[in-house]
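Its first residue numbered 53, the sequence shown is counted upward by one per residue in the working numbering.
No residue lacks a Cβ here, since even glycine has one placed at the ideal position from N, Cα and C.
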Amino acid sequence: MLQRTDSIRWDNPGPRDTDVLSLAATFASLRALVLRQYPLMLFVLLSCIALAGGYFATAPAKYSGMAELIVDSRKSQQVQQQSPLGVEVPLDSATVDSQVEILKSDNVALAVIRDLHLIDDVEFTGPPGGPLGKAIAFVSDLLLPAGGKSESELTRKALERFQDRLDVKRRGVSYVIEVSFESVSPQRAAQVANAIAGAYVSDSLKAKSQASRVAAGWLQDRMKELRAQASVAEREVADFKAKNNIVDTGGRLLSEQRMAELNSALTIARTQREEAEARAGRVSKILAGDDKDILANDQATVADSLRNDVITHLRQQYFDLATRQAEWSSRYGPDHKAVVLLNEQMREIRKGVRDELRRIAETYKSDLEIAKAKEASAQKILDETIAQSNDTGQAQIALRDLDSDAQSSRALADNFLQLYMVSMQQQSFPGTEARLITQALVPLNRSKPKLWLVALIGVFGGGVLAFAAGLLRDSLDRAFRTGRQIESLLGVSCIAAVQRVGGAATESV
53 MLQRTDSIRW DNPGPRDTDV LSLAATFASL RALVLRQYPL MLFVLLSCIA LAGGYFATAP
113 AKYSGMAELI VDSRKSQQVQ QQSPLGVEVP LDSATVDSQV EILKSDNVAL AVIRDLHLID
173 DVEFTGPPGG PLGKAIAFVS DLLLPAGGKS ESELTRKALE RFQDRLDVKR RGVSYVIEVS
233 FESVSPQRAA QVANAIAGAY VSDSLKAKSQ ASRVAAGWLQ DRMKELRAQA SVAEREVADF
293 KAKNNIVDTG GRLLSEQRMA ELNSALTIAR TQREEAEARA GRVSKILAGD DKDILANDQA
353 TVADSLRNDV ITHLRQQYFD LATRQAEWSS RYGPDHKAVV LLNEQMREIR KGVRDELRRI
413 AETYKSDLEI AKAKEASAQK ILDETIAQSN DTGQAQIALR DLDSDAQSSR ALADNFLQLY
473 MVSMQQQSFP GTEARLITQA LVPLNRSKPK LWLVALIGVF GGGVLAFAAG LLRDSLDRAF
533 RTGRQIESLL GVSCIAAVQR VGGAATESV
């Protein structure tokens with residue numbers, strides 16, 4: 053069936069459908085933008101590349117010379133580089149970072165400028181290089197009054213350019229420090245880098261030598277004061293001893309030495325008395341037994357008294373007779389006349405041994421009395437000496453205080469004398485923790501500007517500027533170029549795009 057539609061309704065897709073573009077549509081839109089604006093974009097890109105090439109061709113070439121230093125505390129230890137006060141300073145990361153800042157300091161830079169006469173070098177005090185620098189110098193000569201600059205102004209200008217071209221950094225976490233310097237002359241770059249390292253080492257040596265001289269002067273003055281104090285204190289000790297009749301022998305007071313000797317003598321006397329009592333008691337115990345126990349083996353081996361020649365001879369006779377008596381008794385009987393005679397001889401021997409023991413006991417008693425008398429005498433003398441020592445106790449206390457002060461003053465003076473000698477040795481042969489490990493060589497290739505970097509900036513920067521210029525020009529274009537522009541602006545669907553024809557054809561239609 054044929055149906056007739058009187059009107060066609062075009063639904064507005066709305067901004068919700070037109071704002072969401074697919075990835076393919078985005079690329080197509082960008083491609084259309086490039087095709088529309090490619091003459092302008094190509095012109096901008098080629099212009100940037102030409103500018104980069106012109107900069108590379110006209111910019112002055114710069115060369116970088118690099119020297120390497122190492123901060124090593126072992127070298128300072130080999131030359132006894134400890135602080136004047138005897139405190140060894142540890143080498144840590146902060147110390148290395150501090151050395152980096154010292155290398156960047158104006159003192160080192162000014163020393164190099166002075167040694168190499170850099171204020172006479174046009175590179176450091178003349179106009180900047182390149183066309184731009186020449187133009188700036190020309191304008192400055194026109195605007196500023198003519199007249200030569202002072203030496204201080206030239207030095208300040210040279211210092212500013214020197215610091216701008218200097219680069220000092222630490223290599224990782226090591227103790228190696230890299231010193232780099234840029235110059236338009238490769239020989240000058242290497243020369244300045246080596247001069248910086250040398251100036252730094254010289255500055256460190258001068259600083260250490262100056263610190264050692266200052267410390268040595270202070271130590272010398274302090275040492276004189278301490279020596280005077282020690283002499284006064286020792287003189288007071290000597291006067292006090294003379295006033296109180298105190299004699300010092302070998303670092304000890306005579307009374308103390310006397311008491312020590314008496315105490316030793318008393319100990320020896322007490323030991324001798326105890327030994328004498330033990331001997332006398334042992335002999336008395338042996339005499340308290342019967343005659344047979346006197347010559348028993350266990351008693352004889354214990355008692356020292358039984359070991360003398362007389363008792364030993366009697367014991368031997370007794371044992372011989374006892375052996376014979378036992379043999380004859382078993383052979384002839386105990387009542388035999390010979391056996392009875394042997395028993396009588398054995399009885400006489402026991403009596404002789406007992407008499408000898410009584411004599412020994414009397415000797416031991418005499419020795420005991422002598423030992424007791426010695427002990428009592430030693431104790432009496434020691435008590436008298438202690439009593440005398442108590443009388444001078446207060447004087448000895450005061451003497452100890454004076455002697456302690458004198459010893460402390462003398463020890464302190466000796467310590468300062470040792471430190472003074474160390475400081476003098478440091479002045480004799482100072483050392484530094486840093487040393488040059490790699491000397492800067494004359495560079496063969498330029499460090500700035502780099503061809504690859506200039507080309508990359510020219511191409512990449514030119515591309516970005518070209519795209520930005522094309523995008524700006526396209527956004528300022530008021531004509532409709534795509535159907536999406538119509539749909540986005542009018543909110544209606546675009547059926548088709550018709551190519552525009554000339555005016556005569558339009559009028560005929």
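Rounded to a whole number of angstroms, what is the C-alpha to C-alpha distance between residue 454 and residue 316? 29 Å
Can the beta-carbon of residue 522 be found closer than 9 Å to that of residue 92? yes
Delimiting residues of the alpha helix (DSSP H) encompassing residue 269: 238-295
Which partner residues of residue 228 appear in the DSSP bridge assignment? 122
Taking just the CA atoms, how far does residue 255 sit from residue 129? Note that residue 129 has pLDDT 46, beneath the 50 cutoff, so the model's placement of it is unreliable and the number below is only indicative. The alpha-carbon atoms of residue 129 and residue 255 are separated by roughly 19 Å.
Specify the secondary structure class of residue 220 as computed by DSSP and reduced to three states. strand
If you follow the beta strand (DSSP E) that residue 486 is in, where does it begin and where does it stop? 486-490
Considering only residues of the same chain and omitting the five flanking positions on each side of residue 275, which have a CB-CB separation below 8 Å? 465, 468, 469 and 472
Whose C-beta lies closer than 8 Å to the C-beta of residue 394 among residues of the same chain, with five residues either side of it excluded? 373, 376, 377 and 380
Between which two residues does the alpha helix (DSSP H) holding residue 493 run? No alpha helix (DSSP H) holds residue 493; DSSP gives it neither H nor E.
Alpha helix (DSSP H) runs wholly inside the stretch 359-409, at least 4 long, in chain order: 361-384
At the level of alpha carbons, what is the spacing between residue 457 and residue 285? 7 Å
Hey, how far is the Cα of residue 103 from the Cα of residue 215? 29 Å
Would residue 164 and residue 220 be called neighbours here (beta carbons separated by less than 9 Å)? no
Strand pairing of residue 117, partner residues [DSSP]: 233
May I ask you to report which of helix, strand or coil DSSP gives residue 156? coil
Mind checking whether residue 417 and residue 332 have CB atoms under 9 Å apart? yes
How would you write the range of the alpha helix (DSSP H) that residue 174 sits in, first residue to last? 174-177
Please identify the residue among 322, 96 and 145 whose C-alpha is closest to the C-alpha of residue 510. 96
Helix, strand or coil for residue 104, going by three-state DSSP, please let me know. helix
Note down, in chain order, each residue of its chain lying with its Cβ closer than 6 Å to the Cβ of residue 492, except the 5 sequence neighbours on either side. 117, 118, 119, 242, 245 and 246
Leaving out five residues before and five after residue 101 in sequence, what residues of the same chain have Cβ atoms less than 7 Å from its Cβ? 510, 511 and 514
DSSP has residue 500 in a bridge; who is on the other side? 114
Helix, strand or coil for residue 134? Go by DSSP, reduced to three states. For residue 134, the pLDDT reaches just 47, beneath the cut-off of 50, and the residue's location in the model is therefore unreliable, although a value from the coordinates is still provided. In the structure shown, residue 134 sits in coil (DSSP, three-state: anything other than H, G, I, E or B).
Member of 409, 98 and 459 whose CA lies at the smallest distance from the CA of residue 516: 98
How is residue 518 classed by DSSP in three states: helix, strand or coil? helix
Which one of 124, 211 and 168 has the shortest CA to CA distance from residue 177? 211
Should residue 426 and residue 325 be called a contact, given that it needs their Cβ atoms to be closer than 9 Å? yes
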